[in-house]
Amino acid sequence: MWRPLAEIGRAPGGGYARHGWNDAELACRAWFAERAAERGLATETDRNGNLWAWWGEPGPGAVVTGSHLDSVPSGGAFDGPLGVVSAFLAIDQLRAEGITPRRPVAVAVFCEEEGARFGVACLGSRLLTGALDPARARALTDPHGVTLAEAMRAAGADPDAIGPDPETANRIGCYVELHIEQGRALTEPVGLASAIWPHGRWKYDFSGSADHAGTTRIADRRDPMLTFARMVIAARARAIETGALATVGRVLCEPNGTNAIPARITAWLDARAPDEATLTAVTRAIEADTATASRAHRTGLDVSAESLSPAVDFDGPLRGRLSAILGGSVPVLPTGAGHDAGVLAAVVPTAMLFVRNPTGVSHSPAESAGDGDCAAGVRALARVLAGLVDP
Ligand code: HGY
Ligand code: MN
Ligand code: MN
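Residue numbering for the sequence shown follows the numbering used here, beginning at 63 and increasing consecutively.
What follows is the structure in structure tokens.
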């Protein structure tokens, strides 16, 4: 089942380039429709581009599971797809056991979870739940200046329809997302999520004076690369100081000439922390350090929050129920990775199952999980669904 998916959008080096509404992601949508049709599951695409495959009439109280199929640039094979493949296999398992749910069951795939193309993480689930303004979403642009609206239209979807979808959201009785663990903390095959760290993405614009690399005196330079470099160093130093995580993994340089002092640098800061106070402290300290450097180098600085994700606490009756179904001794752990489950947790009971990642590596072609652990994840998800569909 997974093999056809594994071929979609994979670069020669092994990484994936599946991003909201791009050709590879559209091929993933077709893969999803085929797997659902094979199982007699009725499929629909909601107004925000999220996919739904229904076992039973769509209706309130549905037990929903799934994840996302999009990737980060050159991402791994498991982040997202493991949850979708496991959802289909868990339904196969329940059917093999002759279980007939007394609630609707759905496999969901949320659009642009990584925000790799349009910059906002969990785009589809935020729009669904009303957590993102549709007008802002339509105007989001990808690195080539293509807006979300244009990309949706090119894919045959209607961008004017995006926005809060209470009819779809009200069908969800609970949401359980299975996901590969993205750190080294899970030492058993399957775990349960306790929380998601608060995190966010900040866009830093550094402006200076374009000039000749070979004739401009040092004293005359207004070089944004220097201010940018200071920001990167500050991000690491302040993260260590505060116990947070701060990363700069994406940068644009204009005009990007070998022999030209840049006019402008754009860079994105990804910052995460165990709690909101620490996240605020680390991002403010990094911005203050950068502003100091900006003054010293006489460059311009503009910082804007692009995507903010508050802390999510999964502690509640649903996690307790899942733990009981799984025997009561499954490890419970927090994660610094954001998920659609974190967005849905604001509106419906939500839980996450993690599958062990032996190296902890993720957002990389080297991401992997063992077959045995993946099978344990499917079995656990099937047990959980069996317990939830028979109230
Ligand atoms: O970036 C994240 O935390 C997740 O992979 N979207
Ligand atoms: Mn991810
Ligand atoms: Mn993911």
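Don't be surprised by glycine CBs; every beta carbon is placed ideally from N, CA and C.
Point to revise | Residue span of the beta strand (DSSP E) that contains V417, given as start and end | key: For V417, the enclosing beta strand (DSSP E) stretches over residues T412 to V417.
Point to revise | Residues proximal to ligand 3 by C-beta, any heavy atom closer than 6 Å | key: One residue list follows from the rule of a beta carbon closer than 6 Å to any heavy atom of ligand 3, given in chain order as H130, D141, G142, E175, H241 and H401.
Exercise for review: Please confirm if the segment 252–265 is in contact with the segment 333–342, defined as three or more CB-CB distances below 8 Å between the two stretches.
Suggested key: Yes: at least three Cβ pairs fall under 8 Å.
**Study point:** DSSP bridge partner residues for W264 (one or two, in chain order)
**Key:** Bridge partners of W264: L331 and A367.
Point to revise | Beta-ladder partner(s) of L314, from DSSP | key: Per DSSP, the beta bridge partners of L314 are T328.
Exercise for review: Confirm, please, whether the CB-CB distance from M293 to V310 is below 9 Å.
Suggested key: It is a contact, given that the beta carbons lie within the stated cut-off.
Point to revise | CA-to-CA distance, V344 to A301, given in whole angstroms | key: Rounded to whole angstroms, A301 to V344 spans 6 Å at the Cα level.
**Study point:** Buried or exposed (CB count within 10 angstroms, at least 16 for buried), L370
**Key:** By the Cβ-count criterion, L370 is exposed, with fewer than 16 other Cβ atoms from all chains shown falling within 10 Å of its own Cβ.
Exercise for review: Find the nearest neighbour of I295 within the set D85, T304, A308 and P120, judged by alpha-carbon distance.
Suggested key: Of D85, T304, A308 and P120, the residue nearest in Cα terms is A308.
Point to revise | Nonlocal neighbours in the same chain, by C-beta distance under 6 Å from C184, ignoring five residues either side | key: Contacts found: E175, D402 and V405.
Exercise for review: Could you name the residues of the same chain whose beta carbon sits closer than 7 Å to that of L189, not counting the 5 residues immediately before and after it, in chain order?
Suggested key: So the qualifying residues of the chain are N110, P196, A199, I224 and G225.
Exercise for review: Determine the closest residue to H130 out of N232, E239 and A358, with distance taken between C-alpha atoms.
Suggested key: Taking only the C-alpha atoms, the option nearest H130 is E239.
Practice item. With P379 as the anchor, note down where its beta strand (DSSP E) starts and where it stops. Key: Judged by DSSP secondary structure, P379 falls outside any beta strand (DSSP E) and instead within the alpha helix (DSSP H) spanning P379 to I387.
Point to revise | S391 CB to nearest heavy atom of ligand 2 below 8 Å | key: Every heavy atom of ligand 2 is 8 Å or more from the Cβ of S391, so no.
Practice item. Give, in chain order, every unbroken run of the alpha helix (DSSP H) that is at least 4 residues long and sits entirely within the segment 84–161. Key: Scanning the segment 84–161 for uninterrupted alpha helix (DSSP H) segments of 4 residues or longer gives 85–100 and 143–158, listed from N- to C-terminal end.
Check your understanding: To the nearest angstrom, how far is it from the Cα of P372 to the Cα of I258?
Key -> Here the C-alpha atom of P372 lies approximately 8 Å from the C-alpha atom of I258.
Point to revise | Exposed unless 16 or more other CB atoms sit within 10 angstroms - verdict on D375 | key: So D375 counts as exposed.
Review point. For D227, does the three-state DSSP call read helix, strand or coil?
Key: D227 carries a coil assignment under DSSP once its states are collapsed to helix, strand and coil.
Practice item. Excluding the 5 residues preceding and the 5 following D364 in the sequence, name in chain order all residues of the same chain whose CB lies nearer than 7 Å to its CB. Key: Around D364, the same chain offers D267 as residues with beta carbons nearer than 7 Å, after the five sequence neighbours per side are excluded.
Exercise for review: Please confirm whether F180 and G82 have their CB atoms less than 9 Å apart.
Suggested key: A Cβ-Cβ contact shorter than 9 Å links F180 with G82.
Point to revise | Given I348 as reference, the closest of T304, L144 and F416 once Cα atoms are compared | key: Answer by Cα proximity: T304.
Review point. With a Cβ-Cβ cutoff of 9 Å, do S385 and L254 count as a contact?
Key: Result yes, Cβ atoms of S385 and L254 sit closer than 9 Å.
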